[in-house]
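Under numbering that gives the first Met the number 0, the letters of the sequence shown match residues 0 to 915, in that order. Note that the Cβ used here is the ideal one computed from N, Cα and C, for glycine as well. Worksheet: one structure, shown below.
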Amino acid sequence: MGMETEKEKKSIKKDHPAEEKASVKMKNKPKRSRSDRSVEEPSSNEKSGKAGKKVNLVQETGEAAKFLARGIGRVFTALGSILLTVLLIGGLCALIVGTAFAVYLSGYVDSSIDEFEILASEQKRTSQIFVDDGMGNLSELEDQKLYMSENRVYVDYEDIPQNLIDAYISTEDKRFYDHNGVDWLRTIKATVYYALGNSAGGGSTLTQQLIKNATGNNDNTPQRKIGEIFQALNLEKNYSKEQILEMYLNTIYLSQGCYGVQSASYTYFGKPVKELNLLECAAIASITQNPSKWDPKLHPENNIIRRNGILENMLEQGKITKAEFDSAYNAELTIYDPEESEDPDNDPGESSGSATGVNSWYVDAVIEDAIELLMERYEVNYNVGEQMLYTGGFRIVTAMDPKVQQVLEEVFTDTDIIDEIIGASPGMVKPQSAIVVLDTKNGNILGLVGGRGEKYKSRLFNFATQAHRQTGSAMKPLSVYGPALESGIINYATVFDDSPYSYDDEGNGWPKNSPAVYRGLTPVITGITNSVNTMAVKILDRLGIENSFNFLTEKMHITTLYRNKVINGSVYNDLSLPALALGGMTEGVSVRELAGGFTTFTNEGVYCQPRTVLKILDSKGNTVVDNALLTEECLSRENASIMTKMMNNVVVNGTGSSIKLKNYVFTAGKTGTTTKNNDKWFVGYTPYYLGGVWFGYERAQSLGGFSGNPAMKIWDYAMTKLHEELVFTPDGEDGFDYQTDRQGNAIPKIYSDVIDPGVLTLQFCQTCGKLATEKCKKVYRYGTSNTQNMTATGYFTADNMPTESCTCHVEVTFCTAGNHLASEACPEEYLKKRVITVVDSAKDRYTYNGKSVYAYRSDEKAVFYAKGDGTYGGFDPQNPFDSFCTKHSQSSELPLASAPVAATPTEKSKRRKDRK
Ligand SMILES: [Zn+2]
Ligand SMILES: [Zn+2]
Ligand SMILES: [Zn+2]
């Protein structure tokens, strides 16, 4: 890209996402050495201007440079001018030698030669996709060859018109056939400009441009330029001019998202490059130097100027005749319009691998992952990585389980199945859905589907791997419960007050539970089972937002959370209670990454990053990429097991209770619904498979038309099918235990429970979270003659378990006639021992919608009762439960505040004793 200015470069970068991406990878380039700084200094006006009076070489040079830079036509002697030149060249030599050595040592030169070997290979071969049977035996997926869509396909040298080659050479690098990769004359000119502080660059041969395009490294530093020189010399030694031209013309960026002349030819002219005429060749060659400026579609007025210049160059250098020149000079250019085209085959937007087979959703994901891996391996940009993949004859070994993939595709392809599962009415706009199924022990992606319906094209937008959607509560095990359990802030039984965390000026509480039930004192297990929002927020507050964020991003490798991210001048942040506790993050998370987080629970506390590609072999069978499993220790194995017990409870008793798979196999999981009801999630697992499903409209809108959680229904259907076909063996000769379903069929009961041997099982009191006592089993329900068992089974580790016995359930004497605490006047025959709940007053007891959840006894003690449905609330001030019986005492009601702090058995029995 000859003489573009810094400003132009920036504007190119903007519509050049692949390059920008790649440039991030170039961090480990050689550091600036001392030697080049000493050369730069003379060109700095400020420094030289402030130099002392002592005359030295540096100052001399600096003064001279200052004059030049200012552009003042001051006369200086011929001697000074010569001295300046000598000094400059001397400095340049020092610069070149100094940095060349550093560059050589850093391996800069060697690092990017392999990719050219692959790009320049005579035999362009499609890469093949293999699966590993787990025993190291590979088999090819023969229906999944990688075909690049027509408009992106690599074009061979033989198919490139001579006019196009001449247009490039005559303008970009007219000594191309004569130099050995570097045009020294132009290089020295450019270096002098550089030394004078003019960063215009330039002087690059096509060979050097090729290196720059392939690596995506655009730094305007002497280090890169020198590295590039070495690489160019090296490249010319190893490859013919034709090979270099072919690689060059296939990798240049030509605006409109086109890489390579074939892509540009389809985009601008709707035909393959070999059919281009002279005018069209000149138009394409014009774009190269500054794609955003010379784009013939966006700026025809600029392109005509540039291409006329190219035609002049071609005429001057004898590449075209005068007649040819005249026919093209100032001629009107017809740009292809895909919408007017009647021939769909020529539409680059629509052309795909359909003629040669459509890749599955899984292979689509493999393609993206393999490109990333090749980019890292060969230090190339996305475009070159992609070209290498399609033409390099690689063998990609994937983690796919073809049977799993087949089952998932069957479920998602037949839209009738899904419509029935989700209860879609005919004629309605059908939402999208996606699923990822992982191996529970290593995070290998066994199967995935990125959208609904028949897949008609390769590389469609993939809702399983590329879409980022808010997760709602499906995030809570990763962002709240997991890290809080591991840090010891909570255990299975820890009690929180289920009431809003905060209130606005109008007294509206946040967050709201869904449904809007507030339970008062509630143990953690109930919080996760019923997806209680207030509890998740309060636990997160105790855990610390920063801790949660770091756990997600560093331990579980969630890549799409924002920390002070600036987009169009606004700052976005996911370091907040709503983002992390309720899954209301700015951008969202992919199904793949969310499901990946759950491997922590299925793999004994160790996170496994989901992967589709295990390794990449080159065409000779050598391993070029070994995509080793990335793991992170997140939880102890005991805590992972406790989390699984909690999420089993979600499926057995909570928001996931409609899951039927649990009847056949041990199942755990978590539901998710976003605040606006735009997205539904379910991530769940058995001992065999871990699956994540997202359901929602392509463009987010409310799923109000659907009842229940369609993601969960799809998960249940697909996962049940997987287990039926791949795990359950219905003939009964498998050694598994059987249970009988409701229809009386024998069903294999493969796994009734999963629990780590280091986990302790204890009964606890659900109101205070301490160890259960006999009293906890018969807590009086106000207004009935029933009692309620407030104990539950909990799972703990020895260092994080309740050690005290319940203090909240106390036995008091009741007057059954007055249905209140007995007063001194109540006759004996009405007296009855009852267990009621006494809790410490806490500041965060609240009033919600005018209803008090707790009845206060005094500032010190409060009493509340359980309603029939097991929730707490509804204190009736007209009929205060915690006052003494008034039926027999005749006296007026005892005011709450003046009531003795006497609900405890000791006080009560003492008074009784006094009376007797
Ligand atoms: Zn109790
Ligand atoms: Zn208790
Ligand atoms: Zn009474």
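- When the beta-carbon positions are compared, Glu803 and Val834 stay at least 8 Å from each other.
- Comparing C-alpha distances from Asn799 to each of Ala166, Lys475, Glu637 and Ala282 shows the shortest one belongs to Glu637.
- The beta carbons of Val516 and Ile557 sit about 30 Å from each other, so the pair does not count as a contact at 8 Å.
- With distances taken between CA atoms, Asp182 lies nearest to Gly202 out of Tyr167, Leu163, Gly202 and Ala194.
- Counting along the chain, the unbroken alpha helix (DSSP H) around His722 starts and ends at Pro709 to Leu725.
- Scanning its chain for C-beta atoms nearer than 6 Å, with the 5 sequence neighbours on each side dropped, one finds around Thr464 the residues Ala364, Ser589 and Arg591, in chain order.
- The three-state secondary structure of Ile309, taken from DSSP, is helix.
- Where Gly481 is concerned, the enclosing alpha helix (DSSP H) starts and stops at Gly481 to Glu485.
- Residues Thr528 and Asn529 of the same chain have their beta carbon placed closer than 6 Å to that of Gly653, with the five preceding and five following residues left out of the count.
- Within the stretch 770-805, the beta strand (DSSP E) runs of at least 3 residues that lie entirely inside it are, in chain order, 790-795.
- The beta carbon of Gly683 sits no closer than 7 Å to any heavy atom of ligand 3.
- Going by C-alpha positions, Thr815 is about 9 Å away from Ser784.
- Here Ile434 really is in contact with Leu407; their C-beta atoms are around 6 Å apart, less than 8 Å.
- Ligand 2 has no heavy atom closer than 7 Å to the beta-carbon of Thr786.
- Here Leu388 carries a helix assignment [DSSP, helix/strand/coil].
- Excluding five sequence positions before and after Gly604, the CB atoms of its chain that fall closer than 7 Å to its own CB belong to Glu632, Cys633, Leu634, Ser635, Arg636, Asn638 and Ala639, given in chain order.
- With a threshold of 7 Å, the Cβ atom of Ala492 does not count as near ligand 1, since no heavy atom of the ligand is closer than that.
- With respect to Asn532, Pro514 sits apart: the two C-beta atoms are not nearer than 8 Å.
- Asp368: member of the alpha helix (DSSP H) spanning Trp360 to Tyr377, first to last residue.
- Per DSSP, the beta bridge partners of Trp680 are Gly671 and Trp693.
- Look at the beta carbons and you see the stretch 429-446 touching the stretch 600-618: at least three pairs across the two are nearer than 8 Å.
- Taking C-beta separations shorter than 6 Å and ignoring five residues to either side along the sequence, the partners of His887 in its chain run Ala824 and Cys825, following chain order.
- DSSP lists Tyr794 as the bridge partner or partners of Thr760.
- DSSP places Ala330 in the coil class of the three-state scheme, outside both helix and strand.
- Taking the CA atoms as reference points, Val152 sits about 52 Å from Ile641.
- In the three-state scheme derived from DSSP, where H, G and I count as helix and E and B as strand, Phe813 is classed as strand.
- About 4 Å separates the beta carbon of Ala580 from that of Leu539, a gap short enough to meet the 8 Å contact definition.
- For the set Gly356, Ser359 and Tyr389, the Cα lying nearest the Cα of Ala369 is the one of Tyr389.
- In summary, Val383 is buried, with 16 or more beta-carbon neighbours lying within 10 Å of its beta-carbon over all protein chains present.
- In this model, Gly450 and Phe462 are separated by some 6 Å (Cα to Cα).
- Annotation for Ala189: no beta strand (DSSP E) segment contains it, though the alpha helix (DSSP H) segment containing it runs Trp183 to Ala194.
- Secondary structure at Asn249: helix, using DSSP grouped into helix, strand and coil.
- The stretch 692-706 makes no contact with the stretch 609-625, as fewer than three CB pairs between them are under 8 Å.
- Secondary structure at Asp497: strand, using DSSP grouped into helix, strand and coil.
- Excluding five sequence positions before and after Ile228, the CB atoms of its chain that fall closer than 6 Å to its own CB belong to Val181, given in chain order.
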